[in-house]
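A short write-up of the structure that comes next.
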Amino acid sequence: MNHSLNGIKAVFLDLDGTIYLGNELIDGAVEFLNRCDERGVQRFFLSNNSSKSVTEYLAKLHGLGIPAEANDVLLSTHDLLSWLGAEGVTETYLVGTEGMRSMLEEVGVSTRSGEPQYVVLGYDTEIDYEKLATASIHLHNGIPLVASHPDMVCPSPDGGLPDVGAYLALFKATTGVEPTHICGKPNAGMILHKIEELGLQPSDCAMVGDRLYTDMEMAAQADVVGVLVLSGEATLDDLEAAPQTPDVIVDSVANLF
């Protein structure tokens with residue numbers, strides 16, 4: 093497979109570091125999305141970033157001039173909600189943004205419980221000491237921890253910013269507690285259910301992203317074409333220590349199709 097991606101019928105696109113950095117579009121991103129539309133390639137936006145709700149993501153995409161609908165956006169929060177539902181969890185203490193809180197509470201999951209079944213950790217860009225302290229007390233009292241995704245940093249034009257992985261390290265240092273489960277990429281189920289819904293085979297699809305340990309690992313687990321872009325976190329030097337080489341490596345999405 094080369095950068096033309098001939099034969100690909102659907103692409104799953106990471107957002108931070110792939111389509112945009114912070115509030116700035118990656119050069120050529122809109123033109124790439126237009127080429128997808130011209131070729132009849134279905135495109136979905138896939139993000140581990142649980143700091144925003146679907147509604148907030150749509151507002152950001154629309155603000156950047158990118159047309160998208162709710163069904164086009166797949167978040168680690170969706171994977172988390174599926175996991176909580178399967179475990180029968182309805183009482184939680186959330187370390188997360190108000191956008192994430194709204195998605196949990198919309199489906200009947202309490203996020204401020206005094207007797208939580210789980211401490212839930214998301215990418216909290218509104219974090220304060222009270223949340224950290226309350227969550228730590230729950231963890232000291234034996235309440236298990238679940239996280240929305242494993243990313244250590246969130247890409248930005250000014251360098252990587254602390255993400256869920258960094259918060260997990262903080263809680264480990266404070267309480268000794270490791271998460272019972274981590275949702276989001278690289279869990280293959282995050283895209284396999286959509287591929288099945290589309291009536292496609294994994295070989296018909298590509299995962300495009302800037303992280304080796306989430307985006308490319310998920311591509312390998314799901315057996316889809318892995319396309320690494322060098323516009324975000326990963327560098328060519330990182331590939332030397334990678335357990336596997338992505339199928340396609342490009343500077344950015346501007347090089348695809």
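The sequence shown begins at 93 in the numbering used here and counts up one residue at a time. The beta carbon of each residue, even a glycine, is placed where N, CA and C say it ideally should be.
Considered as a whole, the region 189 to 242 harbours 210 to 213 and 237 to 239 as its complete beta strand (DSSP E) runs of no fewer than 3 residues, in chain order. For G301, the uninterrupted beta strand (DSSP E) run begins and ends at C297 to G301, by DSSP. Of all C-beta pairs linking the region 265 to 273 to the region 230 to 245, three or more are shorter than 8 Å, placing the two stretches in contact.
Burial state of S96 is exposed, judged by a 10 Å Cβ sphere holding fewer than 16 other Cβ atoms. The criterion of a C-beta distance shorter than 9 Å is satisfied by R303 and D106.
S143 carries a coil assignment under DSSP once its states are collapsed to helix, strand and coil.
Across the structure, F124 and P208 are spaced so that their CA atoms are roughly 45 Å apart. With 16 or more other Cβ atoms from the protein chains shown falling within 10 Å of its own Cβ, G191 counts as buried.
Minimum Cα-Cα distance from I283 among the listed residues T306, P271 and V245 corresponds to T306. With distances taken between CA atoms, L348 lies nearest to V133 out of G114, V133 and N115.
For the pair of segments examined, the region 103 to 119 was found to touch the region 133 to 146: the number of CB pairs separated by less than 8 Å reaches three. In this structure, the alpha-carbon of I111 lies about 22 Å from that of D329.
The region 245 to 259 and the region 211 to 225 touch, with no fewer than 3 CB-CB distances between them shorter than 8 Å. In the three-state scheme derived from DSSP, where H, G and I count as helix and E and B as strand, D119 is classed as coil.
Membership of V319 in any alpha helix (DSSP H) is not indicated; the residue belongs instead to the beta strand (DSSP E) covering V317 to V321. Contact check for S240 against S142 passes: the beta carbons are separated by less than 9 Å. Taken through DSSP and simplified to helix, strand or coil, I111 comes out as coil.
Less than 9 Å separates the beta-carbon of I287 from that of A314. DSSP places F349 outside both helix and strand once states are collapsed to three, so it counts as coil. Closest in alpha carbon position to S344, among A312, R131 and T327, is T327. Our two residues, S205 and V321, have alpha carbons roughly 41 Å apart in a direct line.
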